[in-house]
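Protein chains in written order, with this note's numbering: chain S, 1 to 114; chain U, 1001 to 1113.
Note that beta-carbon positions come from the ideal geometry of N, C-alpha and C, so glycine has one too.
Values in this document were obtained by computation on a predicted structure and should not be read as measured data.
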């Protein structure tokens, strides 16, 4: 069945490095991918929406130059956290949907920046 | 005011109990409504959609009151495996991204033996 894979599942990096997170739709094409992040004991917050072949749209307060999103194909969307800092440590998760009830989250990436 | 508000709990209930969660949303233009379940350090999983007519899925019943902008989830005959965080989710038209899911912080449920 339709699944979204996300890689890596967890990453620990030094401050100042960049981290790329990949989300792939398996067995279906994801025209739109939503990127969320969740800080501990907080709700999932939408960061940006990526549409295949066009620029991502970012939510207010999310720096587009820091969180680079690429959706070059219908099955792959990537989020790159550039020059990561400890305050970027969070749970990053992608989401897409086929229909009203066919909604798929990736398994998430837990990022820890030292 | 937050878009989606939930009582964070935690709700500690014994097995077999009935427990109810409430949620309110602020945007009257919200289009669709869901309950998700999130286990610790995992991605959310869709539990059920919520309709104005109310809907039931086994031990779970969801209700929507559009006039009051209120959503509820009732769990009957609680099982240990129901322990999780329950997220109230509202699909809202977003000027940036079309429609996007807005999440409440979640209500934590612990079912004890």
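- Within the DSSP secondary-structure output, residue 109 of chain S pairs in a beta bridge with S/92.
- For residue 1049 of chain U, the residues of chain S that pass the 8 Å Cβ criterion are 100, 101, in the order they occur in the chain.
- Cβ-Cβ separation between residue 80 of chain S and residue 18 of chain S: approximately 6 Å, consistent with a contact (criterion under 8 Å).
- According to the DSSP assignment, residue 22 of chain S belongs to the beta strand (DSSP E) that extends over 19-26.
- Taken atom to atom, the span from the alpha-carbon of residue 106 of chain S to that of residue 78 of chain S is near 12 Å.
- Membership of residue 56 of chain S in any beta strand (DSSP E) is not indicated, and neither H nor E is assigned to it by DSSP.
- Taken in chain order, the members of the stretch 1038-1071 of chain U whose beta-carbon sits within less than 8 Å of a beta-carbon on chain S are 1041, 1042, 1043, 1044, 1045, 1046, 1049.
- Within the stretch 61-75 of chain S, no residue has a Cβ lying closer than 7 Å to any Cβ of chain U.
- Note: residue 1070 of chain U is bridge-paired with U/1024, U/1065 in the DSSP secondary-structure output.
- Three or more beta-carbon pairs drawn from the stretch 24-40 of chain S and the stretch 90-98 of chain S are found closer than 8 Å, and the two stretches are therefore classed as touching.
- Boundaries of the beta strand (DSSP E) around residue 1093 of chain U: 1084-1094.
- DSSP places residue 1011 of chain U in the uninterrupted beta strand (DSSP E) bounded by 1011-1014.
- For the stretch 1091-1107 of chain U, the set of residues with a beta-carbon nearer than 8 Å to any beta-carbon of chain S comprises 1094, 1096, 1097, 1098, 1100, 1101, 1102, 1103, 1104, 1105, 1106, in chain order.
- Taking a Cβ-Cβ cut-off of 8 Å, residue 1026 of chain U has no neighbours in chain S, whose nearest Cβ is about 14 Å from it.
- Note on geometry: alpha-carbon atoms of residue 5 of chain S and residue 26 of chain S lie some 7 Å from one another.
- If you look at residue 4 of chain S, you'll find it in the beta strand (DSSP E) that goes 3-7.
- For the stretch 27-56 of chain S, the beta-carbon criterion of a distance under 7 Å to any beta-carbon of chain U is satisfied by 34, 42, 43, 44, 46, 49.
- For residue 1032 of chain U, the chain S residues whose C-beta falls within less than 8 Å of its own C-beta are 100, listed in chain order.
- The beta carbon of residue 107 of chain S falls within 7 Å of a beta carbon belonging to chain U, placing the residue at that interface.
- By the Cβ test, the stretch 41-48 of chain S is in contact with the stretch 58-77 of chain S, since at least three Cβ pairs between them sit closer than 8 Å.
- Bounds of the beta strand (DSSP E) holding residue 51 of chain S are 45-51.
- For residue 1081 of chain U, the three-state secondary structure derived from DSSP is helix.
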